[in-house]
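Numbering (the working numbering), first residue to last: 20 to 133.
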(Lines of atoms letter the chains of each structure in order from A and count residues from 1; the text may use other names and numbers.)
(Lines give C-alpha, C1' and ligand atoms only; values in the text may rest on other atoms or scores of the structure.)
Protein backbone atom coordinates (compact mmCIF):
# COMPACT_ATOMS: atom_id res chain seq x y z
CA UNK A 1 0.00 0.00 0.00
CA UNK A 2 1.30 3.43 -0.90
CA UNK A 3 0.03 6.99 -0.81
CA UNK A 4 2.20 9.39 -2.77
CA UNK A 5 1.82 13.10 -3.46
CA UNK A 6 4.13 15.97 -4.36
CA UNK A 7 4.76 16.78 -0.66
CA UNK A 8 4.69 13.43 1.13
CA UNK A 9 4.63 9.69 0.81
CA UNK A 10 3.33 6.94 3.11
CA UNK A 11 4.35 3.39 2.24
CA UNK A 12 3.32 0.18 3.99
CA UNK A 13 5.51 -2.87 3.47
CA UNK A 14 3.39 -5.95 4.20
CA UNK A 15 6.44 -8.21 4.54
CA UNK A 16 8.21 -6.20 7.25
CA UNK A 17 5.07 -4.47 8.61
CA UNK A 18 6.88 -1.13 8.34
CA UNK A 19 4.91 2.04 7.66
CA UNK A 20 7.32 4.65 6.31
CA UNK A 21 6.42 8.35 6.25
CA UNK A 22 8.45 10.75 4.10
CA UNK A 23 8.18 14.49 3.39
CA UNK A 24 5.90 17.06 5.02
CA UNK A 25 2.31 16.45 6.12
CA UNK A 26 0.42 19.74 6.34
CA UNK A 27 -3.09 18.52 5.54
CA UNK A 28 -6.17 20.26 6.94
CA UNK A 29 -8.29 18.20 9.29
CA UNK A 30 -9.35 14.59 9.41
CA UNK A 31 -11.05 14.70 5.99
CA UNK A 32 -7.76 15.38 4.20
CA UNK A 33 -6.03 12.70 6.29
CA UNK A 34 -8.71 10.11 5.39
CA UNK A 35 -6.53 8.08 2.99
CA UNK A 36 -3.70 7.87 5.55
CA UNK A 37 -6.18 6.95 8.30
CA UNK A 38 -7.59 4.21 6.06
CA UNK A 39 -4.10 2.81 5.41
CA UNK A 40 -3.30 2.81 9.15
CA UNK A 41 -6.63 1.16 10.02
CA UNK A 42 -6.09 -1.53 7.36
CA UNK A 43 -2.72 -2.35 8.92
CA UNK A 44 -4.27 -2.53 12.41
CA UNK A 45 -7.04 -4.85 11.19
CA UNK A 46 -4.45 -7.31 9.87
CA UNK A 47 -3.15 -7.58 13.46
CA UNK A 48 0.49 -8.23 12.64
CA UNK A 49 2.71 -9.24 15.54
CA UNK A 50 4.72 -6.03 15.23
CA UNK A 51 4.22 -2.67 13.49
CA UNK A 52 7.07 -0.25 12.86
CA UNK A 53 6.21 3.40 12.24
CA UNK A 54 9.26 4.90 10.54
CA UNK A 55 9.05 8.68 10.80
CA UNK A 56 12.76 9.47 10.31
CA UNK A 57 12.19 11.24 6.99
CA UNK A 58 8.98 13.01 8.03
CA UNK A 59 10.22 16.59 8.23
CA UNK A 60 6.95 18.13 9.42
CA UNK A 61 3.65 16.92 10.85
CA UNK A 62 0.91 19.35 11.83
CA UNK A 63 -1.47 18.96 14.77
CA UNK A 64 -4.09 17.17 12.64
CA UNK A 65 -1.46 14.60 11.65
CA UNK A 66 -0.31 14.16 15.23
CA UNK A 67 -3.93 13.54 16.17
CA UNK A 68 -4.23 10.84 13.47
CA UNK A 69 -1.07 9.09 14.71
CA UNK A 70 -2.30 9.33 18.31
CA UNK A 71 -5.61 7.68 17.40
CA UNK A 72 -3.71 4.94 15.56
CA UNK A 73 -1.51 4.27 18.61
CA UNK A 74 -4.61 4.08 20.84
CA UNK A 75 -6.19 1.66 18.35
CA UNK A 76 -3.08 -0.56 18.50
CA UNK A 77 -2.94 -0.33 22.30
CA UNK A 78 -6.50 -1.72 22.52
CA UNK A 79 -5.53 -4.79 20.49
CA UNK A 80 -2.97 -5.88 23.13
CA UNK A 81 -1.28 -8.48 20.88
CA UNK A 82 0.58 -6.02 18.60
CA UNK A 83 4.03 -4.71 19.46
CA UNK A 84 4.61 -1.14 18.26
CA UNK A 85 7.92 0.51 17.41
CA UNK A 86 8.23 4.17 16.41
CA UNK A 87 11.46 5.37 14.82
CA UNK A 88 12.17 9.07 14.77
CA UNK A 89 15.11 11.33 13.99
CA UNK A 90 16.74 13.87 16.27
CA UNK A 91 17.27 16.09 13.20
CA UNK A 92 13.50 16.81 13.15
CA UNK A 93 12.82 19.09 16.15
CA UNK A 94 9.07 18.39 16.28
CA UNK A 95 9.61 14.66 16.84
CA UNK A 96 11.26 14.74 20.27
CA UNK A 97 8.24 15.94 22.24
CA UNK A 98 5.49 14.68 19.94
CA UNK A 99 6.76 11.11 19.71
CA UNK A 100 7.29 10.97 23.49
CA UNK A 101 3.57 11.73 23.81
CA UNK A 102 2.78 8.63 21.73
CA UNK A 103 4.72 6.62 24.28
CA UNK A 104 2.52 8.09 27.02
CA UNK A 105 -0.55 6.85 25.13
CA UNK A 106 0.92 3.36 24.84
CA UNK A 107 3.56 2.66 27.52
CA UNK A 108 4.66 -0.57 25.81
CA UNK A 109 5.51 1.37 22.62
CA UNK A 110 9.22 1.26 21.84
CA UNK A 111 10.57 4.67 20.75
CA UNK A 112 13.88 4.83 18.89
CA UNK A 113 15.41 8.22 18.09
CA UNK A 114 18.27 8.13 15.58
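We put the CB at the ideal spot given by N, CA and C, even for glycine.
- Secondary structure at residue 95: helix, using DSSP grouped into helix, strand and coil.
- Following the DSSP letters along the chain, one finds residue 61 inside the alpha helix (DSSP H) bounded by residues 53-65.
- Contact annotation, residue 133 with residue 75: C-beta distance approximately 6 angstroms; criterion of less than 8 angstroms satisfied.
- For residue 117, the uninterrupted alpha helix (DSSP H) segment begins and ends at 112-124.
- The three-state secondary structure of residue 77, taken from DSSP, is strand.
- For residue 21, the CB contacts under 8 angstroms within the same chain, skipping 5 residues up- and downstream, are 28, 29, 30 and 31 in chain order.
- Distance from the CA atom of residue 98 to the CA atom of residue 91, rounded to whole angstroms, is 11 angstroms.
- The secondary-structure analysis by DSSP pairs residue 101 with nothing; it has no beta-bridge partner.
- Distance from the CA atom of residue 52 to the CA atom of residue 87, rounded to whole angstroms, is 8 angstroms.
- The bridge partners DSSP lists for residue 39 are 30 and 73.
- Annotation: residue 68 is outside any beta strand (DSSP E) and is labelled neither H nor E by DSSP.
- Annotated three-state conformation of residue 44 is strand, per DSSP.
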